[in-house]
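Q: If you scroll down you'll find the structure; I have some questions about it.
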Amino acid sequence: MNIPSMDTLVKALLDGDQTGALDEVRNLRDVGVERERIITQGVEKAMARLDAKCTVEQFNLLEIMLSGRAVMGVIKELYPPNAPLPRTKATVVVGTLEGDVHDLGKNVLKGVLTASGYRVVDCGKDCPVGQMIDAAEREAALAISVSGLITTVIPQVRTLRSKITAKGLGHIKMMAGGAALKQSSPESLNVDFVGDTAFDGLHYLDQITGGEQ
Amino acid sequence: MNSIERIRAATGFERPDRVPVIAQVFGHAAVLSGVSLRDYLRDGDLLARCQIKALQRYGYDTVFALMDTSVETEAVGSILTYPPDQYPHVKSYALSDAGNLEGLSLPDPQRSGRMPELLKAVRRLRQEVGDEVLVVGCVSGPMTVAVQLLGMETALYLAIDHPERFARLLDFSAQVAIRFATAQIEAGAHLPLVFDPCASPAVIPPQFFREFELPRLRTLFTALKAAGAAASWLHIAGPVVPILPLYPQCGVDIANFDYCVSALDARKALPHTCLDGNIKPLAFVEATPEMIAEASSRLLTEFASRGGFILSSGCEIPPEAKPENVAAMVAAAGGR
């Protein structure tokens with residue numbers, strides 16, 4: 236039997252064409268392609284292409300959001316709320332810190348990580364640090380990623396490590412990103428990693444997990 | 081030379097007595113005066129008093145009648161939340177339904193939302209500084225107004241899913257900006273800064289900027305020039321290199337460049353346009369005065385032979401900045 240090509244799906248995802256992507260997913264399922272294969276060879280391939288395209292100079296929210304919308308549509312189609320979750324690389328807790336209501340960057344990261352095989356626990360926006368740490372403990376997370384568009388959240392970021400350590404969770408990695416936080420450094424923020432883009436965050440996590448599910 | 085003559089000289093690529101310095105001090109002026117941001121942003125008299133105090137303290141070349149990027153959307157009907165010490169954010173958008181464009185009406189700058197307070201700030205500032213120091217008003221650019229009317233996600237999806245409707249929304253947004261900016265000029269602003277963070281290549285691709293934003297910015301700047309603006313100043317943060325070459329087509333006289341753009345790239349992209357920038361905003365919080373002095377000196381050297389330069393931060397100096405860092409940038413421009 237011929238193995239159906241994923242090219243049409245990958246192109247639709249890169250074009251941000253949600254309808255086209257969903258049509259193609261249904262075609263692939265009709266001819267017996269497993270969900271897992273659609274994810275690994277379709278969705279993740281599209282994300283890798285998008286990653287290669289999104290250098291810092293070319294990273295723009297519009298294209299990422301369009302592809303993200305199409306990708307999330309495909310994931311929902313393949314794994315409706317009651318369907319068993321696919322195996323994931325690790326769990327990551329994401330959130331925008333207390334006092335900051337800008338959650339678009341955090342949502343982009345959530346989309347990129349979900350589409351790349353991570354389970355993402357979203358603490359939303361305006362979220363106290365303690366709540367994120369509790370979620371990370373409860374969900375046995377590999378990492379916490381905090382997002383900040385405004386510089387005034389920086390003092391909160393700097394409390395993360397001591398709070399995590401105090402709870403005996405020193406193994407949890409701490410990541411930061413967003414327009415304000417990315418101007419700083421891991422040393423200054425006292426975190427493990429500061430990323431310019433969502434894909435930087437993905438690369439950092441893949442280094443730790445070896446990119447394996 | 082006074083500040084206005086200095087800035088005029090820089091804009092015209094003539095030699096000023098020293099390089100003009102514009103510290104983008106907005107909410108920081110409130111912090112300096114021990115005033116809550118929430119009060120500063122809703123009271124034009126108070127805003128003007130804090131700006132004058134900051135001017136007296138630092139001695140730079142501009143004062144700003146500038147509140148935040150939610151002034152226009154609030155005036156059109158959005159409901160804002162005002163935390164005590166932060167800029168407001170939109171609680172409910174004026175356009176809850178992207179299909180309801182026809183229900184929008186243009187705000188009246190003399191009556192709608194905080195627009196009258198901002199005009200009051202302009203008048204007070206102009207009374208105080210006359211034609212010695214540049215009085216800068218502010219309007220959000222068309223893309224930013226559109227995003228603030230709908231929310232970023234809804235606005236961007238509308239742009240792709242229904243481009244003709246989005247174009248109508250941008251036309252409306254440009255009209256909001258023209259009305260408000262014209263009222264600021266009439267109230268005494270030497271020029272209104274056009275602040276358009278949502279038109280950044282970090283948000284929209286350059287071809288989208290060219291197709292949707294450029295024509296509206298051109299219309300806006302043409303209207304402001306006709307209303308008597310001393311110059312057209314465009315402020316878009318982020319990695320703007322791909323769109324800088326389009327600025328002359330918009331009629332831009334002064335172009336802001338952010339910390340992530342090198343001075344060399346900005347100069348190459350805009351050889352005949354005055355540039356302002358580009359010290360990293362967070363450095364005013366985290367760095368030392370020596371580091372700010374060094375960054376300023378590097379920029380002044382890079383532009384020494386070219387001219388057409390205003391020393392500034394890449395974007396707003398954060399409200400919680402260390403005053404000695406702002407002073408270090410101003411001092412660096414002395415005699416250069």
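Chains as they are written, first to last, in the numbering used here: chain A, 236 to 448; chain B, 81 to 416. Ideal placement from N, C-alpha and C gives every residue a C-beta, glycine not left out.
1) Check whether the Cβ atoms of B:Leu314 and B:Gly221 sit closer than 9 angstroms, and answer yes or no.
2) Are the Cβ atoms of A:Thr386 and B:Glu400 separated by less than 9 angstroms?
3) Could you tell me the alpha carbon to alpha carbon distance between A:Gly339 and A:Tyr439, rounded to whole angstroms?
4) Let me know if B:Glu81 comes out buried or exposed under the rule of 16 or more other beta-carbons within 10 Å of its beta-carbon.
5) Rounded to a whole number of angstroms, what is the C-alpha to C-alpha distance between B:Pro187 and B:Tyr173?
6) So, helix, strand or coil for A:Met282, using DSSP?
7) Starting from B:Gly357, follow its DSSP beta bridges and name the residues at the other end.
8) In terms of residue numbering, what span does the alpha helix (DSSP H) encompassing A:Asp335 cover?
9) What three-state label does DSSP hand B:Gly114 in the structure shown?
10) Rank A:Tyr314, A:Lys341, A:Gln293, A:Ile299 by C-alpha distance to the C-alpha of A:Ala415 and give the top, closest one.
11) When you compare the segment 316-333 of chain B with the segment 250-262 of chain B, are there three or more beta-carbon pairs, one atom per stretch, that lie closer than 8 angstroms?
12) Along chain B, which residues have their Cβ under 9 angstroms away from the Cβ of A:Ile385?
13) At 8 angstroms on the CB atoms, spell out the chain B contacts of A:Asn295, in chain order.
14) From this set, B:Leu350, B:Pro286, B:Ala254, B:Tyr339, which residue's C-alpha is nearest B:Leu304's C-alpha?
15) Let me confirm a value: A:Gln442 is counted as buried when at least 16 other C-beta atoms fall within 10 Å, else exposed. Which label applies?
16) Give me the chain A residues within the contact set of B:Glu288, using Cβ-Cβ distance strictly less than 8 angstroms, ordered along the chain.
17) Is B:Thr149 helix, strand or coil when you go by DSSP?
18) For B:Leu112, which residues in the same chain have their Cβ closer than 6 angstroms to its Cβ, ignoring the five residues on either side in sequence?
19) Exposed or buried, B:Glu293, counting other C-beta atoms within 10 Å across all chains shown (16 or more means buried)?
20) Output needed in chain order: residues of the segment 315-339 of chain A with a Cβ under 9 angstroms from some Cβ in chain B.
21) Counting contacts by CB-CB distance shorter than 9 angstroms, is B:Met232 in contact with chain A?
22) Using 10 angstroms around the beta-carbon of B:Ser185, count the other beta-carbons present and answer buried if the total reaches 16, otherwise exposed.
23) Can you tell me the Cα-Cα spacing of B:Ser280 and B:Leu273, whole angstroms?
24) Please confirm whether B:Lys360 has its beta-carbon closer than 9 angstroms to some beta-carbon of chain A.
25) Can you tell me whether DSSP reads A:Pro321 as helix, strand or coil?
26) Restricting to Cα atoms, I'd like to know which of B:Ile265, B:Gly268, B:Phe301, B:His270 is closest to B:Asp276.
27) So which residues of chain A does B:Leu236 contact, with C-beta pairs closer than 9 angstroms?
28) Can you tell me whether B:Lys200 is buried or exposed? The criterion is at least 16 other CB atoms within 10 Å of its CB, across all chains shown.
29) Between which two residues does the beta strand (DSSP E) carrying B:Ala261 extend?
30) Answer with yes or no whether the minimum CB distance from A:Arg304 to chain B is below 9 angstroms.
31) If you draw a straight line from the alpha carbon of A:Pro321 to that of A:Arg264, how long is it in whole angstroms?
32) Can you tell me which of B:Phe252, B:Gly318, B:Gln166 puts its alpha carbon nearest to the alpha carbon of B:Glu182?
A: The relevant details are as follows:
1) The count along the second sequence starts at 1 and reaches residue 314 of chain B at position 234. The count along the second sequence starts at 1 and reaches residue 221 of chain B at position 141. Yes, they are a contact pair.
2) Within the first sequence, the letter at position 151 stands for residue 386 of chain A. Within the second sequence, the letter at position 320 stands for residue 400 of chain B. Taking the C-beta atoms as reference points, B:Glu400 is found nearer than 9 angstroms to A:Thr386.
3) The residue labelled residue 339 of chain A in the question sits at position 104 within the first sequence. The residue labelled residue 439 of chain A in the question sits at position 204 within the first sequence. With the sequence shown as reference, residue 339 of chain A is identified as Leu, and Gly is not the correct amino acid for it. When rounded, the distance between both Cα atoms is 20 angstroms.
4) For the purposes of this step, residue 81 of chain B is taken as residue 1 along the second sequence, with counting starting at 1. Rather than Glu, the amino acid found at residue 81 of chain B in this sequence is Met. Exposed, since its Cβ has fewer than 16 Cβ neighbours within 10 Å.
5) The residue given as residue 187 of chain B occupies position 107 in the second sequence. The residue given as residue 173 of chain B occupies position 93 in the second sequence. Between B:Pro187 and B:Tyr173, the C-alpha separation is close to 15 angstroms.
6) Numbered from 1 along the first sequence, position 47 holds the residue referred to as residue 282 of chain A. DSSP places A:Met282 in helix when its eight states are reduced to three.
7) Mapped onto the second sequence, residue 357 of chain B falls at position 277. Listed as beta-bridge partners of B:Gly357 by DSSP are B:Phe337, B:Leu391.
8) On the first sequence, residue 335 of chain A is found 100 positions in, with the first residue counted as 1. Run containing A:Asp335: none; DSSP gives neither H nor E here.
9) As a first step, residue 114 of chain B is located in the second sequence; it is residue number 34 there, counting from the start. In the structure shown, B:Gly114 sits in coil (DSSP, three-state: anything other than H, G, I, E or B).
10) Here residue 415 of chain A corresponds to residue number 180 of the first sequence, with the count starting at 1. Looking at the Cα atoms, A:Lys341 is the closest of the given residues.
11) Fewer than three pairs of CB atoms, one per stretch, sit closer than 8 angstroms, so the segment 316-333 of chain B makes no contact with the segment 250-262 of chain B.
12) Translated into positions along the first sequence, residue 385 of chain A becomes position 150. Near A:Ile385 (Cβ distances below 9 angstroms), the residues of chain B are Gln166, Tyr167, Pro398.
13) Along the first sequence, one-based indexing puts residue 295 of chain A at 60. Within chain B, the residues near A:Asn295 are Pro281, Ala282, Val283, Ile284, Pro285.
14) Locating residue 304 of chain B in the second sequence gives position 224, counting from the first residue. It is B:Ala254 whose Cα lies nearest to the Cα of B:Leu304.
15) For this step, residue 442 of chain A is matched to residue 207 along the first sequence. Taking all protein chains shown into account, A:Gln442 has fewer than 16 neighbouring C-beta atoms within 10 Å of its C-beta and is therefore exposed.
16) As a first step, residue 288 of chain B is located in the second sequence; it is residue number 208 there, counting from the start. Looking at the sequence provided, one finds Phe at residue 288 of chain B rather than Glu. What B:Phe288 touches in chain A: Leu297.
17) The residue given as residue 149 of chain B occupies position 69 in the second sequence. If DSSP states are grouped into helix, strand and coil, B:Thr149 belongs with coil.
18) Position 32 of the second sequence, counted from the start, is the residue given in the question as residue 112 of chain B. Answer for B:Leu112: Ala134, listed in chain order.
19) On the second sequence, residue 293 of chain B is found 213 positions in, with the first residue counted as 1. It counts as buried.
20) Correct list: Gly334, Asp335, Val336, His337, Leu339.
21) Stepping through the second sequence from its first residue, residue 232 of chain B is reached at position 152. Under the Cβ criterion of 9 angstroms, B:Met232 is counted among the residues facing chain A.
22) Looking up residue 185 of chain B in the second sequence gives position 105. Counting the other Cβ atoms within 10 Å of the Cβ of B:Ser185 gives fewer than 16, which makes it exposed.
23) The residue you call residue 280 of chain B lines up with position 200 of the second sequence. The residue you call residue 273 of chain B lines up with position 193 of the second sequence. Distance between B:Ser280 and B:Leu273, taken at the CA atoms: about 16 angstroms.
24) For the purposes of this step, residue 360 of chain B is taken as residue 280 along the second sequence, with counting starting at 1. With a threshold of 9 angstroms between beta carbons, B:Lys360 makes contact with chain A.
25) Locating residue 321 of chain A in the first sequence gives position 86, counting from the first residue. The answer is coil: DSSP assigns A:Pro321 none of H, G, I, E or B.
26) Residue 276 of chain B sits at position 196 when you count from the first residue of the second sequence. In this structure, B:Phe301 is the residue among B:Ile265, B:Gly268, B:Phe301, B:His270 with its C-alpha nearest to the C-alpha of B:Asp276.
27) Looking up residue 236 of chain B in the second sequence gives position 156. Going along chain A in sequence order, the residues near B:Leu236 (Cβ under 9 angstroms) are Leu296, Leu297, Met300, Leu301.
28) To locate residue 200 of chain B, count along the second sequence from 1; it is residue 120. Buried.
29) To locate residue 261 of chain B, count along the second sequence from 1; it is residue 181. From DSSP, B:Ala261 is part of no beta strand (DSSP E) but of the alpha helix (DSSP H) over 243-267.
30) The sequence position of residue 304 of chain A within the first sequence is 69, counting from 1. Yes - at least one Cβ of chain B is within 9 angstroms of the one on A:Arg304.
31) The residue you call residue 321 of chain A lines up with position 86 of the first sequence. The residue you call residue 264 of chain A lines up with position 29 of the first sequence. Roughly 16 angstroms separates the two Cα atoms.
32) For this step, residue 182 of chain B is matched to residue 102 along the second sequence. Each of B:Phe252, B:Gly318, B:Gln166 was checked against the Cα of B:Glu182, and the nearest Cα belongs to B:Phe252.
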